[in-house]
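Please read the structure below before turning to the comments.
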Amino acid sequence: MNIRLTAILLIIAAGLGGWWYSLQPKDANPLDNLIKQQGTPDYTGEKLSTEVFDLQGKPQYYAEAQEIKRFEETELTEFVRPLVNLFDKESSQKLWELTANQAEITKEKILTLSGNVKLNALDKTSRLQRIETEKLIVDLNTQDIQTDESVKSTGLGFTTTGVGLKGNLKQQVATLLKDVKSFIEPTVVRENNEQPTP
Numbered sequence: 201m202n203i204r205l206t207a208i209l210l211i212i213a214a215g216l217g218g219w220w221y222s223l224q225p226k227d228a229n230p231l232d233n234l235i236k237q238q239g240t241p242d243y244t245g246e247k248l249s250t251e252v253f254d255l256q257g258k259p260q261y262y263a264e265a266q267e268i269k270r271f272e273e274t275e276l277t278e279f280v281r282p283l284v285n286l287f288d289k290e291s292s293q294k295l296w297e298l299t300a301n302q303a304e305i306t307k308e309k310i311l312t313l314s315g316n317v318k319l320n321a322l323d324k325t326s327r328l329q330r331i332e333t334e335k336l337i338v339d340l341n342t343q344d345i346q347t348d349e350s351v352k353s354t355g356l357g358f359t360t361t362g363v364g365l366k367g368n369l370k371q372q373v374a375t376l377l378k379d380v381k382s383f384i385e386p387t388v389v390r391e392n393n394e395q396p397t398p
């Protein structure tokens, strides 16, 4: 009788074991995790920086970010919490500092910054000192800038707000496109115009 009871219990245990095994999720091939999935970055990194030089060895721009994702298929690089410095071609001096929550750069060197975008002049004598907006497109080849968002620009003796902007950082020119309001500080403008000439 013990042999019969033992055989029945073994058959029941084997049946329960088979049933439990069939309820477990089927793992995909472990090698599938090594194959890059569509839409995922080819490279990722945290707290990285890079400096790009022209063919003459002069710096064009410096970029650092908390996180960087590179997509080879589209040749797009995404940045989280970027800081970008733009340089003067002739003097190799840092002229502008750009910060934002997010950014992406294309193979054509078009930088799109979004979320709390701030552009600051590093030269204290620059006519244009600061631009604040939610989205800004910068052509790193020509340093042309543009946006369709609300903008606040500050310079020596003025603060201007409006919607939409086109300009060029090399020329220190920014034109607001609509709903423009300017606030001028005449004393600052007068002091800057009265600088002695050598």
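Quick note on the working numbering: the sequence shown kicks off at 201 and runs consecutively. Note that beta-carbon positions come from the ideal geometry of N, C-alpha and C, so glycine has one too. These numbers come from a predicted model, not from an experiment.
Buried or exposed (CB count within 10 angstroms, at least 16 for buried), residue i
{"i": "Y261", "result": "buried"}
{"i": "P282", "result": "buried"}
{"i": "Q329", "result": "buried"}
{"i": "V373", "result": "exposed"}
{"i": "W219", "result": "exposed"}
{"i": "T277", "result": "buried"}
{"i": "L369", "result": "buried"}
{"i": "F253", "result": "exposed"}
{"i": "A214", "result": "exposed"}
{"i": "T333", "result": "buried"}
Range of the contiguous beta strand (DSSP E) that encloses residue i
{"i": "L353", "result": "Per the sequence shown, the amino acid found at residue 353 is Ser instead of Leu. Counting along the chain, the beta strand (DSSP E) containing S353 begins and ends at D344 to G355."}
{"i": "G367", "result": "F358 to N368"}
{"i": "R330", "result": "L328 to D339"}
{"i": "L377", "result": "V373 to I384"}
{"i": "K258", "result": "Here K258 belongs to no beta strand (DSSP E), and DSSP marks it neither H nor E."}
Which listed residue (the options) has its alpha carbon closest to that of residue i
{"i": "A265", "options": "Q302, G364 and D242", "result": "Q302"}
{"i": "G355", "options": "V363, L322, G364 and Q343", "result": "L322"}
{"i": "L313", "options": "Q238, S291, L340 and Q293", "result": "L340"}
{"i": "V284", "options": "E275, T274, L298 and E273", "result": "L298"}
{"i": "Q343", "options": "K352, T360, D288 and E304", "result": "D288"}
{"i": "S382", "options": "L369, T360 and K370", "result": "T360"}
{"i": "K442", "options": "L319, L223 and N202", "result": "An answer regarding residue 442 cannot be provided, because it is not within the stretch 201 to 398 covered by the chain."}
{"i": "T325", "options": "W296, L311 and A207", "result": "W296"}
{"i": "P386", "options": "E246, F358, K378 and V380", "result": "F358"}
Close beta carbons around residue i, own chain, < 6 Å, minus the five adjacent residues each side
{"i": "P398", "result": "Its pLDDT being 48, under 50, P398 is placed unreliably in this model, and the coordinates cannot settle the point."}
{"i": "D348", "result": "G364"}
Chain-order list of residues whose beta-carbon lies under 7 Å from that of residue i (same chain, five-residue window excluded)
{"i": "Q346", "result": "I337, L365 and K366"}
{"i": "P225", "result": "none"}
{"i": "E272", "result": "D242"}
{"i": "R327", "result": "G355, L356 and Q372"}
First and last residue of the uninterrupted alpha helix (DSSP H) at residue i
{"i": "T206", "result": "N202 to L223"}
Close Cβ partners of residue i (< 8 Å) along its chain, the five nearest in sequence each way excluded
{"i": "L376", "result": "V351, S353, T360, T361, G362, V363, G364 and L365"}
* To do: Counting only runs of 3+ residues fully inside the segment 271–325, write out the beta strand (DSSP E) ranges in chain order.
  => Runs of the beta strand (DSSP E) inside the segment 271–325: 276–280, 283–287, 294–299, 302–305 and 310–321.
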